[in-house]
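The numbering of the sequence shown is our numbering, which starts it at 1458 and goes up by one.
No residue lacks a Cβ here, since even glycine has one placed at the ideal position from N, Cα and C.
Please read all numbers here as calculations on a predicted model, not as lab measurements.
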Amino acid sequence: MTVTIALIMGTIMSVSYAGVRNRAERIACTANLRALHAAFSSYTLDKGSWPQEPPLLGSEGSKLYGWLAGELDKYGGGRPAWICPTERRRQLVGEGEEEFVGSYTPTMFGTGQQTPWQWENQPWLIERTNNHMSGQLLIFPSGKVISVDEFMEGK
């Protein structure tokens, strides 16, 4: 009887811990998106344009993410901001120099200081995977962060 009660309590506690951890990771992921939003905003205002990918990078993801993290580092958008804590815990992303790929995909806007703000429903960044079980997180020009599911519901 005591063993059964201990097993039930252990199960309840582990489920509760997982829920708390998942909520904390979503909050940290949202903070990352907001840091990247601030970095992209500051970069765009400072340089007069959204970061424009150099043509020599090609289509290799690690080069693009490494380049973006380098460009945005002084604005608070360095490598740590590009990694969702859930992906870090699950070891889904490479963080080394050669395999660095961020958790968020940016929209590649054209030149012009106001271009990123022209479309209020065009996300600036989207999470690459559904880490938080409510659809990938999106961040908009206003800085609002919602999930894809919430966006599709019109929230």
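For residue 1563, the enclosing beta strand (DSSP E) begins and ends at 1561-1563. Taking the CA atoms as reference points, residue 1524 sits about 26 Å from residue 1484. Judged by beta-carbon spacing, residue 1492 lies within the 8 Å limit of residue 1538, meaning their Cβ atoms are closer than that value.
Rounded to the nearest whole angstrom, the C-alpha separation of residue 1530 and residue 1502 is 15 Å.
For residue 1607, there is no enclosing beta strand (DSSP E); the residue is part of the alpha helix (DSSP H) that begins and ends at 1605-1609. Counting along the chain, the unbroken beta strand (DSSP E) around residue 1584 starts and ends at 1582-1584. Residue 1488 counts as exposed, since fewer than 16 other C-beta atoms from the protein chains shown sit within 10 angstroms of its C-beta. Annotated three-state conformation of residue 1484 is helix, per DSSP. Bridge partners of residue 1602 according to DSSP: 1596. When DSSP states are grouped into helix, strand and coil, residue 1497 belongs to the helix group. Secondary structure note for residue 1542: its alpha helix (DSSP H) is the uninterrupted segment 1542-1547.
When the alpha-carbon of residue 1566 is set against those of 1508, 1479, 1589, the nearest one is in 1508.
Counting only the Cα atoms, residue 1595 lies some 7 Å from residue 1605.
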